[in-house]
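With the UniProt record's numbering, letter number 250 in the sequence shown gets 250, and the count goes up by one each step, no holes.
Note that beta-carbon positions come from the ideal geometry of N, C-alpha and C, so glycine has one too.
Here the structure is a predicted model, which is why all the values come from computation and not from measurement.
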Amino acid sequence: MLPATFKLCAGISYRHMRNMTGLRKNAMVAIHHELNRLAGPGPSHWISQVRRRSSLLSSRIEEEDGYNEEEMSYVKQGENALQKAITILSEQDGWTVETVAANGDKVLSKVLPDIGKVFKLEVVLEQHPENLYEELVENMEQMGEWNPNVKQVKILQKIGQDTMITHEESAETPGNVVGPRDFVSVRCAKRRGSTCFLAGMSTQHPKMPEQKGVIRAENGPTCIVMKPCAEDPNKTKFTWLLSIDLKGWIPKTIINKVLSQTQVDFANHLRHRMASNVSMEMAHAC
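As structure tokens, then:
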């Protein structure tokens, strides 16, 4: 019911802090440590989207040297969103169950200082994390084709291997319970061994100012974590942290119900999409 809930983007950082190499190093060391904790045991080298250097830290510092001030701002926002999100996900206490579907899909929530209520979807999907990563990151602009809650996703700008700024428009809801919303987000995509991360928060971009007749909503920190199941590495433990402010005059009770149901719906839409992809591949192989 809320298309734009798949928003993941990044926080605002002060200009003078962006130019302090020491702070960048500290932030990257913290992210490196937390990603290791979430990824669990497995390969110890960054793959695909992170340059194969002696360490994550050295590769990030080298990449940053080629960015201008605006690009570095977005990179920093994405990294901040990732760090905040994985810190929230690392805390196991204080979560309350919102809903449990018949298939075991579960949505939990908790209230955090300075952020408000956040939601966490926990499901198991029948696909390998690599396939899900390809669909959600590399084919991001196709989301409107399979998720009825999303009208459109457009990549406004790509920066380096793992940062992008996107514009998302939500689809109309029955009865117009929630009017049109759009989001401008900065997203940070990482891989740690066989575990994939996609994090982000709201941002601003010159190519997409606020649109007349559409409420500009805000989100983040948000994060999707895709990790192979211990019992079957061809299945994925899929966790989605969602934090969103829809703006406008909507009672919180309605928002809470809509957001938790939207997460459950998203998991089902993604299952159908992946099953359809498998069917098409089998048909082409015949």
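Are residue i and residue j touching if we call contact CB-CB under 8 Å?
i, j, result
"Met164", "Ile155", "yes"
"Leu132", "Thr239", "no"
"Met201", "Gly213", "no"
"Tyr74", "Val186", "yes"
"Ala81", "Cys196", "no"
"Ile159", "Glu79", "no"
"Thr203", "Val184", "yes"
"Ile215", "Pro251", "no"
"residue 324", "Lys120", "With the chain covering only 1 through 286, there is no way to say anything about residue 324."
"Val123", "Ala230", "no"
"Asn277", "His128", "no"
"Leu125", "Arg273", "no"
"residue 291", "Asp114", "Residue 291 is absent from the structure shown; the chain starts at 1 and stops at 286."
"Leu89", "Leu136", "no"
"Glu130", "Lys151", "no"
"Lys190", "Asp162", "yes"
"Asp245", "Gln211", "no"
"Ala171", "Asn149", "yes"
With respect to the alpha helix (DSSP H) encompassing residue i, which residues constitute its N-terminal and C-terminal limits?
i, result
"Ser202", "Unbroken run through Ser202 is the beta strand (DSSP E), Thr195 to Ser202; no alpha helix (DSSP H)."
"Ala85", "Glu69 to Ser90"
"Met143", "Met143 to Trp146"
"Pro129", "Pro129 to Tyr133"
Just verifying my parser: in three-state terms, what is the DSSP assignment at residue i?
i, result
"Ser55", "In this prediction, Ser55 scores a pLDDT of 39, lower than 50, which makes its location untrustworthy; the coordinate-derived value is nonetheless stated afterwards. Coil."
"Ser260", "helix"
"Val278", "helix"
"Thr21", "Any reading at Thr21 must be qualified, since the residue scores a pLDDT of 48, below 50, and its modelled position is unreliable; no value is offered."
"Met140", "helix"
"Ala189", "strand"
"Asp93", "coil"
"Val178", "coil"
"Leu8", "Confidence at Leu8 is low in this model, with a pLDDT of 36, below 50, so its placement is unreliable and the value that follows should be read with caution. Correct three-state label for Leu8: coil."
"Met226", "strand"
"Val214", "coil"
"Asn219", "strand"
Start and end of the beta strand (DSSP E) containing residue i?
i, result
"Val124", "Gly116 to Leu125"
"Glu169", "Thr163 to Ser170"
"Lys158", "Val150 to Ile159"
"Val107", "Lys106 to Leu112"
Counting only beta-carbon separations shorter than 8 Å, does residue i have a partner in chain D?
i, result
"Gln161", "The displayed structure is made up of one protein chain only, and chain D is not part of it."
*Given 8 Å, three or more beta-carbon pairs between the segment 238-258 and the segment 221-228*: yes
*Below 8 Å, can you find three or more Cβ-Cβ pairs linking the segment 259-270 to the segment 93-111?*
yes
*If you scan the segment 228-276 from start to end, which runs of the beta strand (DSSP E) of 3 or more residues do you find wholly inside it?*
236-242
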